[in-house]
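Engineer:
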Amino acid sequence: GGSTALWAATDKGLDELAKRTSKRKLVIAMTDGEDNSSYPSTSATVVDKAKKAGIPVHMVAFGNAYSVDETTMKYVAQKTGGEYQRRENESIADLFTSMQTGIRHQYTSQLATPPAGGTVLLLKVNISGLTIEREVAAN
């Protein structure tokens, strides 16, 4: 095994996005191994920076589940509003096509008055007769 600086690279990506004026920003972090050389960056610093900037971090692991830290990658994705995916034999082009479809059809919303922590909201969206429901927990 070689060096994997997953959190340092993700942290750098967040810094670069912070300089941009794009309305919609996201980071896609990919790895085939566990982080072993990111000091001083950690998964916690990535989550903190991404949440403050409102940037979701999508985590992608290549290879088998034993070669990556799935628990931490899932945590980072979940806490920042991103997604976690693990792929073994899928091409990168197929992966990006799949991710692009999901990202293009996302919407953001904001409540005028934030709910109390722990409150579970039922979000219903109806577009052209298609209704999608999702429960969202307030932080």
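In my numbering, the protein residues as written are 5 to 143. For each residue, glycine too, the CB sits at the ideal point set by N, CA and C.
Using the Cα positions of Glu139 and Gln114, report the straight-line distance between them to the nearest angstrom.
Structural biologist: Between Glu139 and Gln114, the C-alpha separation is close to 15 angstroms.
Engineer: Within its chain, find whatever has a CB closer than 6 angstroms to the CB of Asn89; leave out the 5 residues flanking it on each side and keep chain order.
Structural biologist: Correcting the residue type first, residue 89 is Gln in the shown sequence and not Asn. Cβ neighbours of Gln89 beyond the five flanking positions: Val64.
Engineer: Three-state secondary structure (DSSP) at Ile131?
Structural biologist: The answer is strand: DSSP assigns Ile131 an E or B state.
Engineer: Report the rounded CA-to-CA distance for Ser26 versus Ile32, giving the unit in angstroms.
Structural biologist: Computed Cα separation, rounded: 16 angstroms.
Engineer: When the Cα atoms are used, what is the spatial distance from Pro44 to Glu38?
Structural biologist: Answer to the nearest angstrom: the Cα atoms are 16 angstroms apart.
Engineer: Less than 8 angstroms between the beta carbons of Ile59 and Leu99, yes or no?
Structural biologist: No, these two residues do not count as a Cβ contact at 8 angstroms.
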